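Please read the structure below before turning to the comments.
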Amino acid sequence: MYRPFKHPFLLLLLVSASFTACEKDKDDPEKEKSRTELLTEKVWVYVDQGRDDNGDGVLSKEESDLEECQLDDSFKYNTDGTLTDRDNTNRCSLVDPETEIFQWAFQNNETEIVTNGRLIKIKTLNETTLEGSSERLDGSSNTKIIAIFKHP
């Protein structure tokens, strides 16, 4: 009688060894990224922006004032403390420069960003979303501005 493989136990051992060799080590979880890495590793673009008129900390559709020309604007936080702001193809103003460079820095245990003299309180910073709020003087009162960004 013909037997294609004389040692089936050896075959079983080889197959099981190949499965265990590819198994991920559960004791070595993937290192969590720092807030600097999350902020600086990719370009950010607008999802929405507007005034928090009712003060609930959530940007509703009625409060949004993001213009169509801002949808392709991009923001790149760099590890050297610079922020590159690009007004890309769909320009809002032909007078304003296409690219502007600002300084940025974390403060208050990396829960806030200071850039161009504005304090931005970070609500969310993760792999996909950057959401923050800042105060803007409108006439005689402060208005809370909320901005939400994602990676393109």
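Residue numbers -21 to -1, 1 to 131, in mature numbering (1 follows the signal peptide of the UniProt record, and there is no 0), belong to the letters of the sequence shown in order.
Glycine residues also receive a C-beta, built at the ideal position from the N, C-alpha and C atoms.
This one's a predicted model, so the numbers in the text were calculated from it and none came from an experiment.
Would residue i pass as a contact of residue j if the rule is Cβ separation under 8 Å?
| i | j | result |
| --- | --- | --- |
| GLY29 | GLU42 | yes |
| ARG115 | ILE124 | yes |
| THR94 | ASN57 | no |
Straight-line CA distance for residue i to residue j?
| i | j | result |
| --- | --- | --- |
| LYS10 | GLU16 | 12 Å |
| LYS100 | ASN88 | 11 Å |
| GLU106 | PHE54 | 15 Å |
| ILE127 | VAL74 | 26 Å |
| PRO76 | GLN82 | 17 Å |
| GLY111 | VAL26 | 12 Å |
| ASP31 | THR122 | 7 Å |
| GLU47 | ARG65 | 15 Å |
Can you give me the start and stop residues for the alpha helix (DSSP H) that residue i sits inside?
| i | result |
| --- | --- |
| GLU46 | It is not in any alpha helix (DSSP H) - GLU46 carries neither H nor E in the DSSP assignment. |
| THR15 | 14 to 19 |
Identify every residue that forms a DSSP beta bridge with residue i.
| i | result |
| --- | --- |
| VAL93 | ALA84, LEU98 |
| GLU110 | THR103, ILE127 |
| GLY29 | SER43, ILE125 |
| ASP117 | SER120 |
| ASP64 | PHE54, GLU79 |
| VAL74 | Answer is none; VAL74 lacks a bridge partner. |
| VAL24 | SER53, LYS129 |
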